[in-house]
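Anchor point for the sequence shown: position 167 equals 167 in full-length UniProt numbering, and the numbering is continuous, going up by one each time.
Positions of the beta carbon are idealized from the N, C-alpha and C atoms, including for glycine.
Some notes on the structure that comes next.
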Amino acid sequence: MSDNQLNFRVATFEDAEPLKELIQAAFRAEDTREGWVGLADLAAGFTMDVNEVKERISSPISEVLIASNAENKYLGCVAVSKHGENVARVSWVAVDQKSHRGGIGRKVLEHAEEFSRQTWGVKTMGLNALSTRGPLIEWYERRGYKKTGELSPFPVAAINGRALPEGLCFVEMEKEVQ
1 MSDNQLNFRV ATFEDAEPLK ELIQAAFRAE DTREGWVGLA DLAAGFTMDV NEVKERISSP
61 ISEVLIASNA ENKYLGCVAV SKHGENVARV SWVAVDQKSH RGGIGRKVLE HAEEFSRQTW
121 GVKTMGLNAL STRGPLIEWY ERRGYKKTGE LSPFPVAAIN GRALPEGLCF VEMEKEVQ
């Protein structure tokens, strides 16, 4: 599928390592927009195991979608997974650092929503964002996502003793995609 010079496809095992690198780089990205990255120290230490990507690729209830250009360079990705009969979850929304602010994130998110609606017949998309990432939460709100009022705990054990702000959590959001 092509979308204004973006080609979308479902990831395979051969994509696992470059996807891991893309996601890590995107989550670690330095960005001059105030608050966009949230906690810079936390973002800088983000790591991902390639096996986590492979598990998501092989899961019968999830897909990892890749956005690439005509030269097959990975420009973005997103993971979607089915949760119940009418809900899909979005995660790993990542855009190549050199391609930030070009509308790729929006196109990747829109593709994830359409893919989930067509593939699984879902009516609702859900996602979460780190509570310290106000501008990102606002970006999702501009894309039609609404805070549900629910908060999910941050996996403190995965951070290896880093000092974290009190109350750090994930803000849950949803969007109707009928």
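Taking all protein chains shown into account, decide if Gly38 is buried (16 or more other Cβ within 10 angstroms of its Cβ) or exposed. Low per-residue confidence applies at Gly38: pLDDT is 49, beneath 50, and the placement is therefore not dependable enough to give any value.
Measure the C-alpha to C-alpha separation of Leu130 and Ala70 and round it to an integer number of angstroms. Just so you know, the alpha carbons of Leu130 and Ala70 end up roughly 33 Å apart.
C-beta contact flag for Val64 and Lys20 at 8 Å: Note that the C-beta distance between Val64 and Lys20 is not below 8 Å.
Cβ shell of Gln178 (< 6 Å), same chain only, five flanking positions each side left out: Apart from sequence neighbours up to five positions away, the residues of its chain that approach Gln178 with a beta-carbon distance below 6 Å are Lys123, ordered along the chain.
Within this structure, are the beta carbons of Ala88 and Val80 separated by less than 8 Å? Against a cut-off of 8 Å, the Cβ pair of Val80 and Ala88 comes out as a contact.
Arg101, enclosing beta strand (DSSP E) - first and last residue: No beta strand (DSSP E) holds Arg101; DSSP gives it neither H nor E.
Do Ala16 and Ile57 count as a contact pair if the criterion is CB distance below 8 Å? Taking C-beta atoms as the reference points, Ile57 and Ala16 count as a pair closer than 8 Å.
Can you tell me where the alpha helix (DSSP H) holding Pro135 begins and where it ends? Residues 134-142.
Indicate the three-state DSSP secondary structure (helix, strand or coil) for Val122 in the structure shown. Coil.
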